[in-house]
Each structure stands twice: as C-alpha cells, then as structure tokens.
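Structure record follows, encoded as structure tokens.
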Amino acid sequence: MCGIVACYSREGCYEKLLSALFRLEYRGYDSAGIALLSAGGLSVRKRAGGVKNLEGAPLAGDTGIGHTRWATHGAPTDVNAHPHVCGKFALVHNGIIENFAQLKEELLAAGETFLSETDSEVIVHLIARAYEGDFFAAVAGGCRRLKGSYAVAVLCADRPGEIVCARSGSPLVAGRAEGALYVCSDVPALGGCGYFCPVGEGEFVHIRGGELFFRDDEGKELPKTFSRIGAA
Ligand code: GLU
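Using this note's numbering, you'd call the opening residue of the sequence shown number 673 and step up by one each time.
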C-alpha cells in the first residue's frame, strides 16, 4: 500500500503535506514526493526513500499534492517517484493502470515523451491532452480512459487554489480542518481535521475557491454530509 494527499490552506500547505505523508508512512512505501502550486507556478520535490528526504527549504504554495509510492511499474528511483508532470499538470496516483501499455503506445505514437517507467505517467499525459480550458473536465476525460485501480490528485498551473481528485478502486476520504481542506487515502492521515467524508467509488472531489465539492464525472455536485472524526 501507499498513500496520497491533497491539501489547500491559505497559510501554505508545505508543512501540512509533509505531516500528512508522515502519518501515511505506516501503510508502507519506497519513495515520496510533493508538488505545490503558487503564483510562481508548480514546484516539485520527489525522492527515493523516506518522507524525511523531502524536508528542506519549504516550497511555496497554498495548494499541493503529496505521495508515498509502493512501486509496481518501474524501480523506486527519484524519476519514478510521484508527482509526475506533463505541461501545466502535476499528478499523484495510487493503484495500477492495467491498460497503461496500450495507452502509452498510443501516446508515444501521438508524439508524447515519457520521463518515468511508471504506469501512472500515462494519466497526466491523457489529462494534458484532454485539456481545453476546463480543468475538471480534463481530469474526468482522462480518467474515462483508464482500466484498473486509481486514486489521483491533480494540480493545474492555470488554476491556483484548485485540486481535482478522483477514485476508482483505491480509497480516498475528504477532510475539513480549521483553515485547511484535505483529500487523503485514509482517516488516520487526516490528523487535525475535525470532519471527514469518504469519497465513493467513481466520485470526484474538487477543491476550488476555498471550498470542497463532491462531483460525478460530468461535474454535477453530489450532496454529502461530513461526520465528526472520533464521534461514535
Ligand atoms: N503503479 C504506480 C507506480 O508504480 C503507483 C504505485 C502506488 O500506488 O504507489 O508508480
């Protein structure tokens, strides 16, 4: 197993992402990474080995994603660590894309170039190619091509303050904390959150304008009720 986290916090999310990744460590992993989005664009730090290898000068940004990887396709190296970037997009993925070889062949034939050996990198290429100015629609369109299991969190350099997450097979839960919004692989990693709401199979979470929305793959908002963490 392994984990992903997405976080929005006006106070900056670098420390919050690192804390969440430390809380995901118990699930097991071989490499880790984060991407943050600020007015200056995307910044990425990813390394083989422990989450502690990501510590250092804080990356700027109120919007970010993080990953602990359990390698299934490609060795546990810095390059194969997530996030993966294509153009304006950065993505973290938990799971296995069963049709990745076929998708990669199609993308290579279309002129895309790949940096990693992972199955995950095809997803960010599909999203970048589906993008026509609507971030949510691009992620939903990319996910429609996938067979296998995934929980993903995606940033778009055009869309400050915005994160799109999706799940099929791999778990995800949304959390609300004082001054921060999270989407994460499990409840223990939501330390500091007062409230949580599981993400259903096939559902999307869209963080935008300091709010968190559940949506179906057409972008229609889904009504949800958050529960207090620790309540019986
Ligand atoms: N299959 C992907 C990889 O090998 C994701 C693994 C994971 O879930 O951490 O990079």
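Ideal Cβ placement from N, Cα and C applies to all residues, glycine included.
Please read these numbers as outputs of a predicted model, since none were measured by experiment.
Hey, out of the options, whose CA is closest to residue i's CA?
i: GLU839; options: GLY783, ILE795, LEU708; result: The question names Glu, but residue 839 is Arg in the sequence shown. Among GLY783, ILE795, LEU708, the Cα nearest to that of ARG839 is on ILE795.
i: GLU875; options: GLY864, ALA782, ARG848, ARG816; result: ARG816
i: PRO843; options: GLY863, ALA829, GLY833, SER821; result: SER821
i: ARG880; options: TYR854, GLY841, PHE898, GLU697; result: TYR854
i: ASP702; options: ALA809, THR744, LYS892; result: THR744
i: TRP742; options: ASP806, ASP791, PHE808; result: ASP791
i: ASP888; options: ILE901, ALA809, PHE898; result: ALA809
i: HIS756; options: VAL764, ASP750, ARG719; result: VAL764
i: CYS869; options: GLY767, ARG848, ARG682, ASP806; result: ARG848
i: PHE807; options: LEU714, HIS878, GLY722; result: HIS878
i: GLU697; options: PHE885, ASP858, GLY902, ALA781; result: ASP858
i: PRO860; options: LYS718, PHE885, GLY902, ARG801; result: GLY902
i: LYS718; options: VAL811, VAL751, GLU883; result: VAL751
i: LEU709; options: ASP734, GLU727, LEU779; result: ASP734
In this structure, what does DSSP give as the bridge partners for residue i?
i: ARG817; result: In the DSSP output, where bridge partners are listed per residue, ARG817 has none listed.
i: ILE718; result: What sits at residue 718 in the sequence shown is Lys, not Ile. Note: LYS718 sits in a beta bridge opposite GLY705.
i: HIS765; result: VAL824
i: TYR680; result: THR735, LEU853
i: ILE835; result: ILE879
i: GLY847; result: TYR854, PHE868
i: CYS674; result: Answer is none; CYS674 lacks a bridge partner.
i: GLY713; result: SER710
i: ILE884; result: With the sequence shown as reference, residue 884 is identified as Leu, and Ile is not the correct amino acid for it. According to DSSP, LEU884 bridges with ILE879.
i: GLY841; result: TYR822
i: ARG741; result: SER703
i: GLU893; result: ARG887
i: SER899; result: PHE868
i: VAL757; result: ALA762
Since residue i contacts residue j with CB under 8 angstroms, what's their CB separation in whole angstroms?
i: GLY705; j: HIS754; result: 5 angstroms
i: ILE835; j: VAL826; result: 7 angstroms
i: GLY759; j: SER788; result: Contact doesn't hold; Cβ gap of about 15 angstroms is too wide.
i: LEU934; j: TYR686; result: No information on residue 934 is available, as it lies outside the stretch 673 to 904 that the chain covers here.
i: GLY783; j: LEU798; result: Contact doesn't hold; Cβ gap of about 14 angstroms is too wide.
i: VAL845; j: CYS856; result: 6 angstroms
i: THR749; j: ALA720; result: 5 angstroms
i: GLY736; j: ALA707; result: 6 angstroms
i: PHE786; j: GLU793; result: 5 angstroms
i: LEU690; j: VAL723; result: 7 angstroms
Would you report the Cα separation of residue i and residue j, rounded to the nearest angstrom?
i: GLY675; j: LEU894; result: 24 angstroms
i: GLU890; j: ILE769; result: 22 angstroms
i: ARG695; j: ASN725; result: 15 angstroms
i: CYS828; j: ALA762; result: 7 angstroms
i: VAL677; j: HIS739; result: 6 angstroms
i: VAL871; j: ASN771; result: 24 angstroms
i: GLY864; j: GLU850; result: 8 angstroms
i: GLY712; j: ASP830; result: 11 angstroms
i: PRO832; j: ALA781; result: 32 angstroms
i: ALA800; j: LYS892; result: 22 angstroms
i: LEU714; j: ARG900; result: 33 angstroms
i: GLN774; j: LYS819; result: 11 angstroms
i: ALA693; j: LEU862; result: One detail in the question is off: residue 693 reads as Leu in this sequence, not Ala. Approximately 10 angstroms, taken between the alpha carbons.
Check whether the Cβ of residue i lies closer than 8 angstroms to any heavy atom of the ligand ADP, and answer yes or no.
i: ASN752; result: This structure lacks the ligand ADP; the ligands present are the ligand GLU.
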